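Down below is the structure, laid out as structure tokens.
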Amino acid sequence: MTLLMPQWFWLLLPLGISLLYHYNTTGNLAIQKRFIWLLFSMLFLIIALSQPVLTKKSVDVEQVGSDVVIALDLSHSMQAEDIEPTRLRAAKNLLTTLVNEDKNNRFGVIGFTTNAIVLSPLTNDAELLVHLFEGVDETLIMTKGSAMMPALELSRKMSRSASPTLFLFTDGGDKRDYSEEAQFAKRSGLVINVVMLASRSGSTLKLRDGTLLKDENGDIVVTSQNRAIEILSRITGGVLIDGADLSAVQKIIESQSDKRYKSKTKLVQNEELFYYFIALALLFFMFASTTLSGNFQQWLKRRFL
């Protein structure tokens, strides 16, 4: 038998001290017996809380999934607040939930501004990926431009799949024509899905001192979504999603999955035993609070003596 939560046994100390104190301070034999029954009841209850199980033989389970590449726009415009709390934080929150819930697929993460860099190779280690997303500090990002081609080229190198699924988390970048990038993606077999993290009306950008970002002419900069990037998803057979829609991302991953990635994991099945100890705890509690214990003792004497 194995206890999954043995930390509950610390309750035995105050319980034992309390019951023993009451046991020693009373001379009534019947009351002393009830304290003993109550002690056993609490003991079995604590064992039940500790989740006793019988561990069965582990079984190897094969998991089948796909390679999913995440390209995260880290340019300064991703700090805009038209997507709450900010564009970048909305992306990080979505991705954290996504990797925690998806146990089958591998995720690789790329960060890009005017250049691209691998933040994480393909992995199904959700804990590692969550720490990665938490560690991306948007306040340290000062690059005010974004280029898609470096992110696409690096995405193609990351996966050996014939047609890896790519998600671009971006506000659309700066270009007005992404035809060159779209043709490269099509030749490379990339299936590009764009998660548009910007509104049509746009938003201003704050600097570190709280003032608003202005252009060379002194006018306040307003950054809005760039729909020109939609050509990337349209030509490659992908989808454009408006906003941080987790369910839409999950549905796309499932529909575009090529099931090329295979891994094995050990599944350990446990037989729960807590209900036996709950039953014993109830039985001894009845002994302590009723005359059942006396009747039980008399039955034993008649039966075996």
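Each step along the sequence shown adds one to the number in numbering that gives the first Met the number 0, with nothing skipped, and position 104 is 103.
For every residue, glycine included, the Cβ atom is placed at its ideal position computed from N, Cα and C.
Small disclaimer: the values here were computed from a predicted structure and weren't measured.
Beta-carbon proximity check, residue i vs residue j, cutoff 8 Å
i: residue 118; j: residue 110; result: yes
i: residue 273; j: residue 47; result: yes
i: residue 240; j: residue 195; result: yes
i: residue 231; j: residue 197; result: no
i: residue 164; j: residue 123; result: no
i: residue 107; j: residue 66; result: yes
i: residue 36; j: residue 287; result: yes
i: residue 145; j: residue 72; result: yes
i: residue 227; j: residue 89; result: no
i: residue 166; j: residue 70; result: yes
i: residue 150; j: residue 125; result: no
i: residue 8; j: residue 276; result: no
i: residue 129; j: residue 103; result: no
Identity of the residue in the options nearest residue i by Cα
i: residue 112; options: 282, 169, 288, 85; result: 169
i: residue 161; options: 190, 91, 167; result: 190
i: residue 17; options: 157, 34, 131; result: 34
i: residue 175; options: 158, 150, 159, 223; result: 223
i: residue 136; options: 183, 78, 159; result: 78
i: residue 280; options: 45, 256, 128, 6; result: 45
i: residue 177; options: 132, 188, 147, 70; result: 147
i: residue 76; options: 99, 205, 6; result: 205
i: residue 172; options: 80, 6, 128, 229; result: 229
i: residue 201; options: 217, 215, 11, 221; result: 221
Same chain only: Cβ atoms within 7 Å of residue i, ignoring 5 sequence neighbours per side
i: residue 185; result: 234, 235
i: residue 219; result: 203, 211, 213
i: residue 91; result: 132, 135
i: residue 255; result: 164, 190
i: residue 6; result: none
Sheet register partners of residue i (DSSP bridge)
i: residue 167; result: 70, 193
i: residue 115; result: 111
i: residue 221; result: 203
i: residue 52; result: 1, 271
i: residue 106; result: 67, 122
i: residue 213; result: 219
i: residue 239; result: 193
Chain-order list of residues whose beta-carbon lies under 6 Å from that of residue i (same chain, five-residue window excluded)
i: residue 2; result: 49, 51
i: residue 237; result: 190, 191, 192
i: residue 41; result: 14
i: residue 10; result: 45
Close-in-space but distant-in-sequence residues of the same chain around residue i (CB under 8 Å, 5 per side omitted)
i: residue 245; result: 93, 96, 97
i: residue 199; result: 223, 224
i: residue 105; result: 64, 65, 66, 67, 121, 122, 123, 260
i: residue 179; result: 148
Closer than 8 Å to chain B by CB, residue i
i: residue 72; result: Chain labels in this structure do not include chain B; a single protein chain is all it has.
(request) Say whether the region 149 to 157 touches the region 79 to 97, bearing in mind that this needs 3 or more beta-carbon pairs closer than 8 Å, one atom from each stretch. (result) no
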